[in-house]
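All residue numbers for the sequence shown refer to our numbering, where the first residue is 94 and numbers rise by one.
We put the CB at the ideal spot given by N, CA and C, even for glycine.
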Amino acid sequence: MRHLLIDFDGPFCSVFAGLSAGEVAERMRQQLVAAGHELGPDWAGEGDPLALLRRIADEAPGMVADADEVLTGLEIEAARLARPNEEMEAVLDAAAMSGRAVVVVSNNAGQAIEGYLEKHGLTDRVRGVVGRVPGEPESMKPSPRLLLDAMGAGADASEYVFIGDAVRDVEAGHAAGVPTIGYANKPRKERSLADAGAVVVVTSLVPVADALTSPDIDS
Ligand SMILES: [Mg+2]
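Right under this line is the structure:
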């Protein structure tokens with residue numbers, strides 16, 4: 094394994110720690126109504142803004158472009174208030190020390206991720222950021238699309254490992270042919286990540302960082 098693909102929400106930070114996911118979903122609905130859109134009858138209860146975007150794609154495809162744009166603005170705001178995961182520092186240090194590239198691969202908007210990295214002085218520590226394709230929620234994990242884009246055409250997927258904290262990350266990894274390390278940042282995730290087929294499940298990123306600089310690891 095040479096390079097690292099790393100999910101954003103979870104491994105890097107808790108995106109919605111300051112501006113909550115429920116609040117973002119609510120503001121998303123309000124802004125869509127203000128823009129003249131009519132909401133689906135049962136969208137009010139959806140507290141996950143990315144799930145709401147997916148539902149809009151399924152049920153009201155004509156609204157997707159606006160919904161994605163509205164959500165992107167809200168994610169930029171949320172990312173400014175995100176709570177960093179202090180453990181990521183060790184992973185980025187170890188990646189740099191062992192000559193591995195890091196690419197962020199996330200269902201969040203690329204602009205929000207870039208804003209976060211800039212605020213925390215991390216921009217130069219990643220090779221790239223691959224957020225969801227604007228206006229195309231179907232690009233989101235569990236689709237392999239973002240991972241394949243991150244690796245680039247003709248890449249050897251076995252040269253990469255993906256770190257993610259959700260079952261959909263493991264599923265996207267499978268579909269892209271990339272082994273996925275499950276990061277169980279909440280106790281209940283350990284089982285589900287393992288069941289989904291994560292090559293290993295960790296409850297901390299520190300052992301991952303240690304392994305990256307271990308002389309035993311295959312290149
Ligand atoms: Mg995540």
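Nearest to residue i (by Cα), restricted to the options the options
i, options, result
"ALA277", "THR296, ALA269 and ARG261", "THR296"
"ARG122", "GLY203, LEU146 and GLU152", "LEU146"
"PRO230", "ALA144, GLY275, SER285 and ARG95", "ALA144"
"ALA118", "PHE109, SER107, ASP186 and ASP141", "ASP141"
"GLY290", "ILE256, GLU211, ALA194 and ASP159", "ILE256"
"ASP242", "GLY111, ASP186, ALA128 and GLY224", "GLY224"
"VAL271", "MET244, THR165 and GLU139", "MET244"
"ARG261", "ALA189, ALA158, ASP249 and ARG238", "ARG238"
"GLU139", "ARG120, VAL157 and VAL108", "ARG120"
"ARG95", "MET156, MET190, GLU283 and ALA246", "MET190"
"LEU210", "ALA175, SER232 and ALA187", "ALA175"
"ALA265", "GLY129, CYS106 and SER232", "SER232"
"ALA334", "ARG281, ALA188, VAL293 and HIS267", "The structure shown does not extend to residue 334, since the chain is modelled only from 94 to 312, so the question has no answer here."
"VAL254", "ALA194, ARG281 and PRO308", "ALA194"
"ASN186", "ALA246, SER236, LEU97 and ARG284", "Reading the sequence as shown, one finds Asp at residue 186 and not Asn. Comparing Cα positions, the closest option is LEU97."
"GLY247", "GLU168, ALA269 and GLY129", "ALA269"
Buried or exposed (CB count within 10 angstroms, at least 16 for buried), residue i
i, result
"VAL126", "exposed"
"GLY228", "exposed"
"ILE274", "buried"
"SER199", "buried"
"GLY192", "exposed"
"ASP288", "exposed"
"ASP249", "exposed"
"ALA128", "exposed"
"ALA158", "exposed"
Integer-rounded CB distance, given that residue j should sit under 8 Å from residue i
i, j, result
"VAL197", "VAL222", "5 Å"
"ALA171", "LEU112", "4 Å"
"VAL294", "LEU286", "5 Å"
"VAL263", "ASN201", "Contact doesn't hold; Cβ gap of about 18 Å is too wide."
"LYS282", "ASP258", "7 Å"
*Indicate whether the contact test is met: 3 or more Cβ pairs, each with one atom in the segment 173-190 and one in the segment 206-216, closer than 8 Å.*
yes
*Does the count of Cβ pairs from the segment 191-205 and the segment 101-109 closer than 8 Å reach three?*
yes
*asked:* Counting beta carbon pairs with one atom in the segment 127-137 and one in the segment 151-165, are three or more of them shorter than 8 Å?
replied: yes
_Runs of beta strand (DSSP E) wholly within the segment 215-289 (minimum 3 residues, chain order)_ = 221-223, 253-257 and 273-276
*Please list the segments of the beta strand (DSSP E) lying wholly inside the segment 94-161, counting only runs of 3 or more residues, in order along the chain.*
96-99
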